[in-house]
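Peer 1: Going by the working numbering, the final residue of the sequence shown carries number 287, and the count climbs one at a time with no gaps.
Positions of the beta carbon are idealized from the N, C-alpha and C atoms, including for glycine.
Note that the structure is a prediction, hence the values are computed from the model and not measured.
Mind having a look at this structure? Questions to follow.
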Amino acid sequence: MVADLHAHSSASDGTETPGRLVASAARAGLDVVALTDHDTTSGWDEAVAASAATGVALVRGVEISCHHRGTSVHLLSYLHDPAAPGLLAETERSRASRLARAELMVERIGADLPLTWDDVLAQVDGDATVGRPHLADALVAKGLVRDRGHAFATVLSTRSPYFVGHHAPDAVEAVRLVRAAGGVPVFAHPRAVLRGRVVGDDVVEELAAAGLAGLEAHHRDHTPEATAALVDLAGALGLLVTGSSDYHGTGKVNRLGEHTTDPGVLEAVEAQGLLDVVRP
């Protein structure tokens, strides 16, 4: 069984609809795919329907942007109750903050470059969580940058004068909220140093004490040394080890199935979750 437990659709910052994402997973030879859009479960229903049509099992989840004392932490939540009030309130607050942040960034960029809010909205699918990737796509469409990577390295960089932060919950509190919602919290790409600062082992220990279930050790943004260290850390703390692509369609070079999760780990995730894996 081939399982990829981290993928994004156009419900957040991927380029494929949830249904097309599941179809792409089938073409890639996956047996299981997780839909983990940023701070939203709006793509779940379409993905469930596509699971039945394609024969690919679906793990329903989200990716939550958090922080620990100013350092970014991304948390995957699997198989939680999407209506759980605590977690839902926090993700809705993050979505609203992302929208306000995007509007302010466009205002700042528009003072120097020919970019408007309508240009950005043209890149957003329905009620998707608006984020910097949509700004990047708008910049590409206007011919102002080469691609998303170029946009994030220049105009949208955290060091850019146009950058604006957004609300993100404390990572320890986010772990607790996921558990309260019946979900299974896994730390996404915890050693992705090229993305910026990362937290140390002491923070992972703190998250584990709060209820963290696993570490996404196998990820393209990790060096072999980082992956080995994470596997060892997970073993020491009694955490699960997952592997995923972090697929975004054409929005990133990541390919479905380039890293996968052991079937036994998926069974353990399902055993801890409130929801079942959707099996066609």
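Suppose you measure from the CA of residue 259 to the CA of residue 94; what does that come to, to the nearest Å?
Peer 2: The residue given as residue 259 occupies position 252 in the sequence shown. The residue given as residue 94 occupies position 87 in the sequence shown. Taking the straight line from one Cα to the other gives about 28 Å.
Peer 1: Kindly confirm or deny that the segment 91 to 110 and the segment 55 to 72 touch, where touching means at least three C-beta pairs closer than 8 Å.
Peer 2: yes
Peer 1: Helix, strand or coil for residue 227? Go by DSSP, reduced to three states.
Peer 2: Within the sequence shown, numbered from 1, the residue matching residue 227 stands at position 220. It is coil, neither helix nor strand.
Peer 1: Can you find the residues in the same chain that come closer than 7 Å, C-beta to C-beta, to residue 286, ignoring five residues on each side of it along the sequence?
Peer 2: Here residue 286 corresponds to residue number 279 of the sequence shown, with the count starting at 1. The answer, listed in chain order, is 64.
Peer 1: Residue 61 lies in the beta strand (DSSP E); which residues open and close that run?
Peer 2: Translated into the one-based positions of the sequence shown, residue 61 becomes position 54. From DSSP, residue 61 is part of no beta strand (DSSP E) but of the alpha helix (DSSP H) over 51 to 61.
Peer 1: Whole-angstrom Cβ separation of residue 57 and residue 29, contact assumed at under 8 Å?
Peer 2: Taking the first residue of the sequence shown as position 1, residue 57 is located at position 50. Taking the first residue of the sequence shown as position 1, residue 29 is located at position 22. Residue 57 to residue 29, Cβ: 4 Å. Contact.
Peer 1: Where do the ends of the beta strand (DSSP E) carrying residue 287 lie?
Peer 2: The count along the sequence shown starts at 1 and reaches residue 287 at position 280. Segment: none, residue 287 is in no beta strand (DSSP E) and carries neither H nor E.
Peer 1: Check each candidate in 157, 117, 223 and 84 and name the one with the smallest Cα separation from residue 183.
Peer 2: Here the question's residue 183 lines up with position 176 in the sequence shown. For residue 183, the nearest C-alpha among the options comes from 84.
Peer 1: Exposed or buried, what is residue 108 when buried is set at 16 or more other beta-carbons lying within 10 Å of its beta-carbon?
Peer 2: Mapped onto the sequence shown, residue 108 falls at position 101. Per the 10 Å Cβ criterion, buried.
Peer 1: Quick one: which unbroken beta strand (DSSP E) runs of 3-plus residues sit fully inside the segment 148 to 196? Chain order, please.
Peer 2: 191 to 195
Peer 1: Look at the Cβ atom of residue 206, then the Cβ atom of residue 249, and state whether they are nearer than 8 Å.
Peer 2: Reading the sequence shown from its first residue, position 199 is the one you call residue 206. Reading the sequence shown from its first residue, position 242 is the one you call residue 249. The answer is no: Cβ separation not under 8 Å.
Peer 1: Measuring CB to CB, does residue 199 end up less than 8 Å from residue 73?
Peer 2: Taking the first residue of the sequence shown as position 1, residue 199 is located at position 192. Taking the first residue of the sequence shown as position 1, residue 73 is located at position 66. Taking 8 Å as the Cβ cut-off, residue 199 and residue 73 do not qualify as a contacting pair.
Peer 1: Please state the DSSP three-state secondary structure of residue 141.
Peer 2: For this step, residue 141 is matched to residue 134 along the sequence shown. Residue 141 falls in the helix class under three-state DSSP.
Peer 1: Using 8 Å as the cut-off, can you tell me whether the segment 119 to 129 makes contact with the segment 33 to 41, which would need three or more C-beta pairs spanning the two stretches below that distance?
Peer 2: With a cut-off of 8 Å on Cβ pairs, the segment 119 to 129 is not in contact with the segment 33 to 41, counting fewer than three such pairs.
Peer 1: CA-CA distance, residue 265 and residue 160?
Peer 2: Position 258 of the sequence shown, counting from 1, holds the residue named residue 265. Position 153 of the sequence shown, counting from 1, holds the residue named residue 160. Straight-line Cα distance between these residues: approximately 24 Å.
Peer 1: Which class does residue 250 belong to by DSSP, given the choice of helix, strand or coil?
Peer 2: The residue given as residue 250 occupies position 243 in the sequence shown. Strand.
Peer 1: Looking at C-alpha atoms only, which residue of 204, 120 and 166 is the closest neighbour of residue 77?
Peer 2: Looking up residue 77 in the sequence shown gives position 70. Looking at the Cα atoms, 204 is the closest of the given residues.
Peer 1: Write down the C-beta distance between residue 150 and residue 87 rounded to the nearest angstrom, noting that I regard them as a contact closer than 8 Å.
Peer 2: Walking along the sequence shown from the start, residue 150 turns up at place 143. Walking along the sequence shown from the start, residue 87 turns up at place 80. Not really, about 41 Å apart at Cβ, beyond 8 Å.
Peer 1: When the Cα of residue 328 is compared with those of 136, 187, 208 and 196, which residue comes out closest?
Peer 2: Only positions 8 to 287 of the chain appear in the structure, and residue 328 is not among them; the question remains open.
Peer 1: Give the DSSP bridge partners of residue 257, in chain order.
Peer 2: One-based indexing of the sequence shown puts residue 257 at position 250. Answer is 255.
Peer 1: What are the partner residues of residue 221, as DSSP defines its beta bridges?
Peer 2: Working through the sequence shown from its first residue, we reach residue 221 at position 214. DSSP output for residue 221 lists 193 and 247 as bridge partner(s).
Peer 1: Where does residue 265 sit, in a helix, a strand or coil, going by DSSP?
Peer 2: Walking along the sequence shown from the start, residue 265 turns up at place 258. If DSSP states are grouped into helix, strand and coil, residue 265 belongs with coil.
Peer 1: By the DSSP assignment, the beta strand (DSSP E) with residue 67 in it spans what residues?
Peer 2: Numbered from its first residue, the sequence shown carries residue 67 at position 60. From DSSP, the beta strand (DSSP E) with residue 67 extends over 64 to 75.
Peer 1: Per DSSP, what kind of secondary structure is residue 10 in: helix, strand or coil?
Peer 2: Along the sequence shown, read from residue 1 onward, the residue named residue 10 stands at position 3. Reduced to three states, the DSSP call for residue 10 is strand.
Peer 1: Give me the DSSP bridge partner(s) of residue 82.
Peer 2: To locate residue 82, count along the sequence shown from 1; it is residue 75. The partner list for residue 82 (beta bridge, DSSP) reads 71 and 194.
Peer 1: Which residue from 55, 36 and 25 puts its Cα closest to that of residue 283?
Peer 2: Walking along the sequence shown from the start, residue 283 turns up at place 276. For the residues 55, 36 and 25, the minimum Cα distance to residue 283 belongs to 55.
Peer 1: Hey, residue 244 and residue 274: beta-carbon distance below 8 Å or not?
Peer 2: As a first step, residue 244 must be located in the sequence shown, where it is residue number 237. As a first step, residue 274 must be located in the sequence shown, where it is residue number 267. Contact flag unset, no.
Peer 1: Would you mind reading off the limits of the alpha helix (DSSP H) that contains residue 103?
Peer 2: Along the sequence shown, read from residue 1 onward, the residue named residue 103 stands at position 96. 92 to 117 is the span of the alpha helix (DSSP H), which, as asked, contains residue 103.
Peer 1: Would you mind giving the Cβ-Cβ distance between residue 263 and residue 252, rounded to the nearest angstrom? I have them listed as a contact below 8 Å.
Peer 2: Position 256 of the sequence shown, counting from 1, holds the residue named residue 263. Position 245 of the sequence shown, counting from 1, holds the residue named residue 252. With 8 Å as the limit, residue 263 and residue 252 qualify as a contact, their Cβ atoms being about 5 Å apart.
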